[in-house]
Ligand code: 6PG
């Protein structure tokens, strides 16, 4: 899959255009748009900007590529952050906001329950129209962390222990690399000089002739992510 890289000054404006265009194209083509959103801080300005977009929200379903194993109202909740930033402010039907179930004390059951939730709401496990992903300084994406073997797990939904250095640590819930890649468009939104090394490891090797080995993917999980139609990188970092 060829990577399309956009080096921009304003990742929010560039990312917003991709999201808006993807939603409109999906609704026009299939009558609905199925999104998978990322956590972290980079997409928050984009989420806030989405609240002011005139989109067919009643035709939009929103899932989350990963989640921290905390209740929705916890400050670390990815879904909680997206709800506050825009989902509570646009007319997406509540039953179309597909948050990870947090089943007290049982992350594995929570991950399995999410598989059922997505299959039930979308009449089968979805191919996303747009999957928005971030990139950690260490090359993680969603909650697939390096050196944990998570990137090699088929999933589609996983319960994973974040490494001790991760903030927040503890249990995470994540779509697997194949599930994250089962999207018409995948958009990596990456900002800040601290991401330069991870960008090089994840995307500069894209020109390598041989496919990466399992060990190489485990070392930089973002390398494992592909897309059905378009793999996009929007960044303000020349790498
Ligand atoms: C999460 C995210 C994670 C994030 C990266 C980048 O749950 O934290 O899904 O994969 O995208 O850690 O985070 P920043 O955008 O805050 O740098």
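Numbering (our numbering), first residue to last: 21 to 259. All residues carry an ideal CB built from backbone N, CA and C; glycine is no exception. For clarity, every value in this text was computed on a predicted model and none was experimentally measured.
Any non-hydrogen atom of the ligand 6PG within 8 Å of residue i CB
i: residue 151; result: no
i: residue 86; result: yes
i: residue 161; result: yes
i: residue 91; result: no
i: residue 200; result: no
i: residue 243; result: no
i: residue 168; result: no
i: residue 255; result: no
i: residue 62; result: yes
i: residue 196; result: no
i: residue 51; result: no
i: residue 192; result: yes
i: residue 137; result: no
i: residue 212; result: yes
Of the listed residues the options, nearest to residue i (C-alpha basis)
i: residue 256; options: 211, 61 and 242; result: 211
i: residue 71; options: 111, 60, 95 and 55; result: 111
i: residue 41; options: 54, 29 and 159; result: 54
i: residue 21; options: 204, 213, 78 and 216; result: 204
i: residue 98; options: 118, 134, 129 and 60; result: 60
i: residue 180; options: 201, 153, 234 and 132; result: 132
i: residue 78; options: 119, 65 and 47; result: 47
i: residue 174; options: 158, 193 and 199; result: 199
i: residue 65; options: 91, 30 and 114; result: 30
i: residue 288; options: 49, 253, 193 and 238; result: Here the chain comprises residues numbered 21 to 259, so residue 288 is not present and cannot be evaluated.
i: residue 141; options: 118, 104 and 167; result: 118
i: residue 94; options: 49, 128, 50 and 188; result: 188
i: residue 62; options: 89, 49, 129 and 105; result: 105
Collapsed DSSP secondary structure at residue i in the structure displayed
i: residue 37; result: helix
i: residue 177; result: strand
i: residue 236; result: helix
i: residue 258; result: coil
i: residue 89; result: coil
i: residue 147; result: coil
i: residue 50; result: helix
i: residue 69; result: helix
i: residue 246; result: coil
i: residue 204; result: strand
i: residue 182; result: strand
i: residue 210; result: strand
Neighbourhood of residue i by C-beta, 7 Å cutoff - its chain only, sequence neighbours within 5 removed
i: residue 43; result: 53, 75 and 80
i: residue 186; result: 165
i: residue 102; result: 57 and 67
i: residue 161; result: 153, 154, 155, 241, 242 and 245
Close-in-space but distant-in-sequence residues of the same chain around residue i (CB under 6 Å, 5 per side omitted)
i: residue 56; result: 83, 85, 148 and 151
i: residue 170; result: 164 and 180
i: residue 91; result: 122
(request) Please list the segments of the beta strand (DSSP E) lying wholly inside the region 90 to 160, counting only runs of 3 or more residues, in order along the chain. (result) 148 to 153
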